[in-house]
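Worksheet: one structure, shown below.
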Amino acid sequence: MILFLSKYPTTQEEFRDGFFQRVLNIDKLFDDKKKVYITASPYRDFKKSFLVQGDNRIVIRCNVFLHFHLIIKYFIKANLVYIQSIHNILYLFLFIKIFKKKYVLDLHGLVPEEFRMFKDYPREKIFNALEQFIYSDLNYVIGVTNKLVNFYKNKYPKAKVEYIVYPILPNNLTDITETELSEKHQDSKINFIYSGNLQPWQNIDLMIQHISKINNFDNYFFQILTGQVEEMKKKITNAGIDMKNVDIRGVSSDQLEKYYKKAHYGFILRNDIAVNNVACPTKLIEYMNYGIIPIVLSEDIGDFKGMEYERLGIDKLSSSLKARKSQGNIQIIKKIYLESKKGKQIIQGLY
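Counting in my numbering, the sequence shown runs from 203 upward without gaps.
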């Protein structure tokens, strides 16, 4: 039996969330294995929730004190304990110290460093301490990029863990054909795209500021796909941008391909900080899979710079851009999918 220290998604919003997409992806790798998901808190779930899903999955929410013996039961039964992010050991770290099992930590990025980024210094200290406390008990650590794995090798140079690189990749992407690529090089319109919402790390105001400088060129068109349509429209109009060359809409994930195939350039404006330097953004994977050239604030995102991805610095936006897609970016994504396949096989071999 595999014990997952993680919530299993139950709502549509959770099924769309990046964290839970990773949870689902790993779950599918062990489709035919018995799996138990446990989340525990000292402050809630005084009545435990015990949900049996099919033949191979049990999802438990419980109270760490009232259901102490239940947690012990599943730690004893487990052949493998898979920790989905340091977040999920907050109330279970002592069990990891008590029970000598095969432990896997899936990093999901830099948790303490992310708290520092948002100036949540108490939580940064808590999760740094928890990470250090259990790190010597881990057998395997999984990261989405080589940069993330190397960050942890440097952070814990004496740790005797094995590292695995397993990128988070969308499973709904299709290939763009040679004909489609060739046709996009002959477009009279140059199509820019942004896919995402208005979270602070997306640097939307900076994107709008630069769009306002070039949106009056008749051959430039800006496609914005977002779940926050009205908020985005308000920002665009408040910036004095003429909507004749801008389209803002919300689309489902299975409609994205149509817009990605049309686009030549795509905005992904991440700051040059550690959290972004080790990341593997789904949006960037999607853009590059369809030959889109990313427009970047910092070019140092995950492993992409080392793989020599084609990008355009936001300060290089001008009236002289050509309608083109990047064959090189498409090939990089193919390489990443191959690396993902290797990582998948290694992870499946852990049980």
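Ideal Cβ placement from N, Cα and C applies to all residues, glycine included.
Nearest CA to the CA of residue 207: which residue from 223, 277, 268 and 401?
-> If you number the sequence shown from 1, residue 207 lands on position 5. Taking only the C-alpha atoms, the option nearest residue 207 is 277.
Residue 364 (DSSP reduced to helix, strand or coil) = Position 162 of the sequence shown holds residue 364. Three-state result, residue 364: strand.
Among 336, 335, 369 and 338, nearest to residue 351 - alpha-carbon criterion = As a working note, residue 351 is residue 149 in the sequence shown. Taking only the C-alpha atoms, the option nearest residue 351 is 369.
Residue 505 and residue 474: beta carbons closer than 7 Å?
-> To locate residue 505, count along the sequence shown from 1; it is residue 303. To locate residue 474, count along the sequence shown from 1; it is residue 272. Cβ atoms of residue 505 and residue 474: not closer than 7 Å.
Opening and closing residue of the alpha helix (DSSP H) in which residue 334 lies = Counting from one through the sequence shown, the residue named residue 334 turns up at place 132. Where residue 334 is concerned, the enclosing alpha helix (DSSP H) stretches over 323-337.
If you draw a straight line from the alpha carbon of residue 220 to that of residue 227, how long is it in whole angstroms?
-> For this step, residue 220 is matched to residue 18 along the sequence shown. For this step, residue 227 is matched to residue 25 along the sequence shown. Spanning the two alpha carbons is a distance of roughly 11 Å.
Measuring CA to CA, which of 261, 367, 355 and 262 is closest to residue 547?
-> Taking the sequence shown and counting its residues from 1, one reaches residue 547 at position 345. The shortest Cα separation from residue 547 among 261, 367, 355 and 262 belongs to 367.
So, residue 512 versus residue 495, is the Cβ gap smaller than 7 Å?
-> Along the sequence shown, read from residue 1 onward, the residue named residue 512 stands at position 310. Along the sequence shown, read from residue 1 onward, the residue named residue 495 stands at position 293. Against a cut-off of 7 Å, the Cβ pair of residue 495 and residue 512 comes out as a contact.
Exposed or buried, residue 274, counting other C-beta atoms within 10 Å across all chains shown (16 or more means buried)?
-> Translated into the one-based positions of the sequence shown, residue 274 becomes position 72. So residue 274 counts as exposed.
Reference residue 423, options 444, 439 and 344, closest by Cα | Position 221 of the sequence shown, counting from 1, holds the residue named residue 423. Of the listed residues, the one whose Cα sits closest to residue 423 is 444.
Look at residue 306 and residue 284 and say whether their C-beta atoms are less than 7 Å apart.
-> By 1-based counting over the sequence shown, the position of residue 306 is 104. By 1-based counting over the sequence shown, the position of residue 284 is 82. For residue 306 and residue 284, yes; Cβs fall inside 7 Å.
So, do the region 375-388 and the region 403-421 have three or more beta carbon pairs nearer to each other than 8 Å?
-> no
Pick from 434, 515 and 347: whose alpha carbon is nearest that of residue 487?
-> One-based indexing of the sequence shown puts residue 487 at position 285. Taking only the C-alpha atoms, the option nearest residue 487 is 347.
Would you mind reading off the limits of the beta strand (DSSP E) that contains residue 252?
-> By one-based count along the sequence shown, residue 252 stands at place 50. Start and end: 251-255.
What residue from 427, 332, 432 and 471 has the CA that sits closest to residue 456's CA?
-> Sequence index remark: in the sequence shown, residue 456 carries index 254 (1-based). Among 427, 332, 432 and 471, the Cα nearest to that of residue 456 belongs to 427.
If you draw a straight line from the alpha carbon of residue 442 to that of residue 390, how long is it in whole angstroms?
-> Counted from its first residue, the sequence shown places residue 442 at position 240. Counted from its first residue, the sequence shown places residue 390 at position 188. About 25 Å.
Should residue 254 and residue 239 be called a contact, given that it needs their Cβ atoms to be closer than 7 Å?
-> Counting from 1 along the sequence shown, the entry for residue 254 is found at position 52. Counting from 1 along the sequence shown, the entry for residue 239 is found at position 37. Not a contact, by the Cβ cut-off of 7 Å.
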